Amino acid sequence: CACLLGLPVVTIEIERILWTFFLPGIRLSELNCKSKLSQIYAENEINNLKLPTVSHSGIFYFLIGKVSSVNRYGKLRKLTATLIMSVVGIDVGFQNCYIAVARSGGIETIANEYSDRCTPAWVSLASKNRTIGNAAKGQIITNFKNTVHGFKKFHGRAFDDPYVQGEKPKLPYSLHKLASGNTGIKVTPLSIVIIFVSQVPSFFTDAERRSVMDSTQIAGLNCLRLINDTTAVALAYGIYKQDLPTPDEKPRNVVFVDLGHSSFQVSISAFNKGKLKVLATAFDPYLGGRNFDEVLVEHFCEEFKARYKLNVRENPRAILRLSQECEKLKKLMSANCSDLPINIECFMNDIDVTGKMNRVQFEELCAPFLMRVEAPLKAVIEQSKLSRDEIYAVEVVGGATRIPSIKERISKFFGKDVSTTLNADEAVARGCALQCAILSPAFKVREFSITDVVPFPITLRWKSPTEDGVGECEVYSKNHAAPFSKVITFHKDEPFDLEALYSLPQELPYPDIRIGHFSVQNVVPQPDGNSSKVKVKVRINVHGIFSVSSASLIEKQKGEGEDVQMDMEATVQNEGRPEDQNGVPGEKQDPASGGSKPKVKVKSTDLPILANTIRQLDRGVLNDFVEYEGQMIVQDKLEKERNDAKNAVEEYVYDLRDKLCGIYEKYTTEEDSNRLTLMLEDTENWLYEEGEDQDKQVYVDKLEDLKRFAQPVHDRHREQEDRPRAFEEMGKKIQLYMKAVELYKQKDERYQHLNAEEMRNVEKCLNESMAWINSKMNAQSQLTIAQDPVVKVADIISKIQVCDKSSPSLTPPNLP
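Quick note: the sequence shown uses UniProt numbering, first residue 1, plus one each step.
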């Protein structure tokens, strides 16, 4: 799956198991990652394993907790691990990724291997390996059919989805329909399903969010929460504010506008000290910075067709090059009002093209898209039931908000200047890292609660004996608080089905209104033949995903006991109605005549539920993807090692060739130099011919052969550089000790603690060393530097050590 994530991969190999984290630009040194693993055999227990606690999102984050299992090549291995690490927030956008790390000094956005804090969400596939991020984006022109980007919005969508079909003509790579009906990307030589680890916009539906959750499992991460874009931004804004109103005061209402590359989101959040509550959200899922890029591309396609007779649309490479230049031009126009040129050399058919554009022309071309900015702003104000005077501030984030005309329209609508106190690119990642730090036991963070909202109303439907045969109720209204649980009471005498769906299809940016089908099993009538009361609990969890979480059969029993006491209420047969979980009344009983309530003992039995949700992967398919991803990781590792070995040979060839014409020239004979030069030429030719695609060991052996022939030259150079210093050091030692011997003979009081026998041994050793050094220096002077030396530096150092050992007591005991 890493090939589809658009994220660099951090892999830790621990005793034959690969632990993989899809973390754009993160280095192991950044995570301070340490690990220790016991042997993986029968017990398969991991002890003292420390891996990074990862927060992921641009709208959702990961916190790695307890590893329950690892499926590697079809074998399920039970593992237990204690994980203690730093927390990381990842914002995976439509075009780029950002990573924020929670550290003792606060939140820091870190750089990738290119020293860039922005990592492209691109992945390029070759026949044997994958490249991700900056390296992948660099291959868009040369390998455009197999370089995947812009795949974020394919989450949970069928191939026949109108959005997918609308995107097909804009993509340089091919989409195709899988057997399941889902969308796949066809690359050579592989066909891969679109499963991505990406951020979750606030308008993502249940199917899309479940697709993201499936992605996290394929990536080997335990996702604790999906957090919406604007909610993460609100957290990054509010947690540092020290002047927020107290809980009993009127909240501070702030509008957050996020206009990214592919979508437009707006939310209003109410802040009090220690908490934020999202009041409303609105969005335009199909308005973003890329719409403005496409306007420029279309304009210059028409201009170049008229001026140069070039049909740019027929050439995918030309479209990609033009798109890159138009994006640069758009950014320049945000800061300049004058005419700006666009120049592309050898654009098509070896023709150089040129054009120009200014901001006024750009705004005229983009007028239809600029008009769409106001609709979400108006919708969010209406949903929140606030007046514009009650808005404290308007914060803008997202790269497209840098377009001046967009800022002007937002400012004009709210009647106040927009605020840019947050980093437009990194705010989401920082908010994710903060949320992860709040949940992580490794960090102590100021208490700050978050209440999000349900973006679309949800209805439950079931078969009913009523006139139309269908019963339904809206369990969650638009902008209902989330996460939240509700309980619905049914009276049934047999198993029954519930269908969850979105209430307002016209507001849904997704063609399928269905959420899932849930079958409540093992429902039986009461002993007296009446229908049983069935309590069904539904929930919107922290990920924003709907589920029927549990169902219970309530049986009435007479007599006293310790069972839970419940108030009874007459309900309509076979009908259901929701009641809030947290103490909201749902069942009451009219008091009996006489005063006291009759108490009835009840028995609650949990009922199994069969869930069938839309577009979620089957467990078997998910496991296959996990296994396939493991194989790809191994293949990437092997290919990297092979390429490194090949590059090492090529690097050594170029390095040795330069040295043979430089510092090594006088250290080799003409015959040896010619032989080495010929060997290097043969190796270079081999690398670009039959050695282009060899196994790693072949390159390792080739490098060893080259080093074996070149090593004597290298050794002669090193010896020539170090030998004079070694001789000089030995001479100084001998002179020092000889001086001490002479002072002893002169009865110097500093050496009177030595006896005559010791001094005779020292003098003998020094004389032998002096004779040895003179003989070796004379012999060496007879040789040229292109010949192997008669004495090596190691021999000289060894002789110095002998002198030191033979003269251990020459230092007077009184001297410091």
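C-beta atoms are modelled at their ideal positions from N, C-alpha and C, and glycine is treated no differently. Fair warning: this is a prediction, and the values are worked out from it, not measured in the lab.
Would you kindly work out how many angstroms separate the C-alpha atoms of residue i and residue j, rounded to a whole number?
{"i": "Arg750", "j": "Met738", "result": "15 Å"}
{"i": "Ile342", "j": "Asn253", "result": "43 Å"}
{"i": "Ile132", "j": "Ala219", "result": "15 Å"}
{"i": "Phe369", "j": "Gly89", "result": "32 Å"}
{"i": "Asn109", "j": "Val418", "result": "The sequence given here has Thr at residue 109, not Asn. So the alpha carbons of these two residues sit roughly 24 Å apart."}
{"i": "Val353", "j": "Cys301", "result": "11 Å"}
{"i": "Ile797", "j": "Met730", "result": "8 Å"}
{"i": "Gly662", "j": "Ile438", "result": "60 Å"}
{"i": "Lys556", "j": "Ser503", "result": "35 Å"}
{"i": "Ala270", "j": "Cys326", "result": "39 Å"}
{"i": "Asp795", "j": "Asp672", "result": "26 Å"}
{"i": "Cys765", "j": "Asp682", "result": "53 Å"}
{"i": "Ala726", "j": "Ala427", "result": "60 Å"}
{"i": "Ser262", "j": "Glu690", "result": "46 Å"}
{"i": "Ile605", "j": "Ser384", "result": "Just to set this straight, residue 605 is Thr in the shown sequence, not Ile. C-alpha separation (whole angstroms): 41 Å."}
{"i": "Asp452", "j": "Gly93", "result": "21 Å"}
{"i": "Ala551", "j": "Glu113", "result": "51 Å"}
{"i": "Lys478", "j": "Asn228", "result": "16 Å"}
{"i": "Val634", "j": "Arg317", "result": "32 Å"}
{"i": "Ile344", "j": "Glu665", "result": "46 Å"}
{"i": "Lys747", "j": "Val793", "result": "37 Å"}
{"i": "Ile734", "j": "Val802", "result": "11 Å"}
{"i": "His56", "j": "Asp206", "result": "The predicted model places His56 with a pLDDT of 35, which falls under 50 and marks its position as unreliable; any figure quoted below should be read in that light. Their backbone Cα atoms lie some 19 Å apart in a straight line."}
With 16 other CB atoms within 10 Å as the buried threshold, where does residue i fall?
{"i": "Ser387", "result": "exposed"}
{"i": "Val543", "result": "According to the sequence shown, residue 543 is His rather than Val. By the neighbour-count rule (16 or more Cβ atoms within 10 Å), His543 is buried."}
{"i": "Gly166", "result": "exposed"}
{"i": "Met371", "result": "exposed"}
{"i": "Leu656", "result": "buried"}
{"i": "Ala367", "result": "exposed"}
{"i": "Gly469", "result": "exposed"}
{"i": "Asp695", "result": "exposed"}
{"i": "Pro724", "result": "exposed"}
{"i": "Gly181", "result": "exposed"}
{"i": "Gln173", "result": "For the sequence presented, residue 173 should be read as Tyr rather than Gln. Per the 10 Å Cβ criterion, buried."}
{"i": "Lys535", "result": "buried"}
{"i": "Asp258", "result": "buried"}
{"i": "Leu125", "result": "buried"}
{"i": "Leu736", "result": "exposed"}
{"i": "Gly583", "result": "Interpretation of Gly583 is limited by its pLDDT of 38, a score under 50 that renders its predicted location unreliable; the figure taken from the coordinates is listed afterwards. Answer is exposed; the Cβ neighbour count stays below 16."}
Looking only at C-alpha atoms, which of the options sits nearest to residue i?
{"i": "Gln361", "options": "Ile381, Phe347, Ile458, Ser334", "result": "Ser334"}
{"i": "Ala482", "options": "Asn541, Tyr286, Lys309, Ala433", "result": "Asn541"}
{"i": "Cys118", "options": "Ala126, Lys412, Lys137, Ser127", "result": "Lys137"}
{"i": "Leu498", "options": "Lys463, Pro527, Val700", "result": "Lys463"}
{"i": "Leu329", "options": "Gly93, Asn315, Lys356, Arg708", "result": "Lys356"}
{"i": "Ile513", "options": "Gly156, Ile107, Cys223", "result": "Gly156"}
{"i": "Ile450", "options": "Phe443, Arg461, Leu434", "result": "Leu434"}
{"i": "Ala280", "options": "Pro457, Ser338, Asp693, Ala442", "result": "Pro457"}
{"i": "Pro162", "options": "Lys385, Tyr510, Ala786", "result": "Tyr510"}
{"i": "Asn96", "options": "Ser115, Asn522, Glu113, His149", "result": "His149"}
{"i": "Val445", "options": "Leu766, Ser806, Gly105", "result": "Gly105"}
{"i": "Cys436", "options": "Ala379, Val790, Arg103, Pro404", "result": "Arg103"}
{"i": "Val538", "options": "Ala400, Asp528, Ser549, Ser532", "result": "Ser549"}
{"i": "Ser547", "options": "Arg209, Ile351, Thr142", "result": "Arg209"}
{"i": "Glu249", "options": "Asp229, Lys275, Pro120", "result": "Lys275"}
{"i": "Val123", "options": "Thr401, Lys152, Glu395", "result": "Lys152"}
{"i": "Ser485", "options": "Gln506, Val454, Phe496, Leu508", "result": "Val454"}
{"i": "Tyr667", "options": "Trp686, Ala710, Asn643, Asp425", "result": "Ala710"}
I'd like to know if residue i contacts chain C, where contact means its C-beta is closer than 8 Å to some C-beta of that chain.
{"i": "Glu671", "result": "The structure shown contains no chain C, having only a single protein chain."}
Would you be able to state if there are at least three C-beta pairs under 8 Å between the segment 484 to 493 and the segment 238 to 246? no
At which residue ranges does the segment 696 to 749 contain complete alpha helix (DSSP H) runs of 4 or more residues, listed in the order of the chain? 696 to 745
The segment 388 to 396 touching the segment 281 to 293, judged by at least three CB pairs closer than 8 Å: no
Beta strand (DSSP E) runs wholly inside the segment 236 to 282, at least 3 long, in chain order: 252 to 259, 264 to 272
For the 8 Å Cβ check, are there 3 or more pairs between the segment 206 to 216 and the segment 410 to 426? no
Would the segment 219 to 234 count as touching the segment 301 to 316 if we require 3 or more Cβ pairs under 8 Å? Three or more beta-carbon pairs separated by less than 8 Å are not found between the segment 219 to 234 and the segment 301 to 316, which leaves the two stretches without contact.
Which ranges does the beta strand (DSSP E) cover as unbroken runs of at least 3 residues, wholly within the segment 431 to 480, from first to last along the chain? The DSSP assignment places 449 to 453, 458 to 463, 470 to 476 as complete runs of the beta strand (DSSP E) inside the segment 431 to 480, in order along the chain (cut-off: 3 residues).
Whole alpha helix (DSSP H) runs in the segment 153 to 227 with 4 or more residues, listed along the chain? 162 to 167, 206 to 218
Enumerate, from N- to C-terminal direction, the unbroken alpha helix (DSSP H) stretches of 4 or more residues contained entirely within the segment 484 to 551. Here no run is fully enclosed.
Along the chain, which unbroken stretches of the alpha helix (DSSP H) at least 4 residues long are found entirely within the segment 297 to 370? 316 to 333, 359 to 365
Whole beta strand (DSSP E) elements within the segment 377 to 409, 3-residue minimum: 391 to 397
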